[in-house]
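Note sheet for the following structure.
Next comes the structure, spelled out in structure tokens:
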């Protein structure tokens, strides 16, 4: 089986998946956006709360449009597609780690958070988000207060807002699909780095055995094969279409050395990079 993909059919980064990184002290990312806001359509594994501190923010969630005004907030579940835009606004974005939340309930994959009117949850979460916004200006140990507020928000979500999804089996299948997509998107964005299947599994909160089995069954090739495929595509594109040297193409593809690139190319295509360049008339 050839690992080379046609340029029209190869995988491309569509920027719709966002890999969120947290600080070492918080199970979440707290982000302040202000002024002109233009966050493109994307998704991530985390739960997200958008709290508008000032102005108006247009939010698109899946296929629904909504405008949030000053002192309003919106809750997004894991993997919901969304975008944000505003001409001049100030808003707080809280992305809470799915893995952290899952520690308290292993059945989280078959549930969804919904804020039901009259439950009191809306007022409690609003108050907590307001408190969180105030910590951005606290001079002493804001991280401790933020951690406390984040766990308080999770407590409200679990106790008052967690609802069982009637399509649990379908959701489980969607979760598997999301896992594979997460891995593929991550590899497309980080193929130049040293990546192992175990590290990616740990980053996504998955069992290495589960990830290996799921990935090979869904994609049709092993994790290392797929990573090599991506690296070769980028290296060959740099070599044949961007007219880079073999050394530079190897770097562009994330290979540790020119020698490794040549060996992998020979094994995959039965031809060396030098022979390919010669066929194109670049040399001799």
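Numbering (our numbering), first residue to last: 800 to 1083.
For every residue, glycine included, the Cβ atom is placed at its ideal position computed from N, Cα and C.
Within the same chain, and ignoring the five residues on either side of residue 830 in sequence, the residues whose Cβ sits closer than 6 Å to its Cβ are 892. A straight line joining the alpha-carbon of residue 1073 with that of residue 1048 spans about 12 Å. Nearest to residue 991 by alpha-carbon distance, out of 957, 1055, 1004 and 956, is 1055. When the beta-carbon positions are compared, residue 818 and residue 848 stay at least 7 Å from each other. Here residue 942 carries a helix assignment [DSSP, helix/strand/coil]. Here DSSP, grouped into helix, strand and coil, assigns residue 926 to helix. Listed as beta-bridge partners of residue 882 by DSSP are 859.
In the displayed model, residue 901 falls within a helix according to three-state DSSP. The Cβ atoms of residue 867 and residue 860 lie no closer than 7 Å to each other. The DSSP-derived three-state label of residue 990 is coil. Bridge partners of residue 833 according to DSSP: 889.
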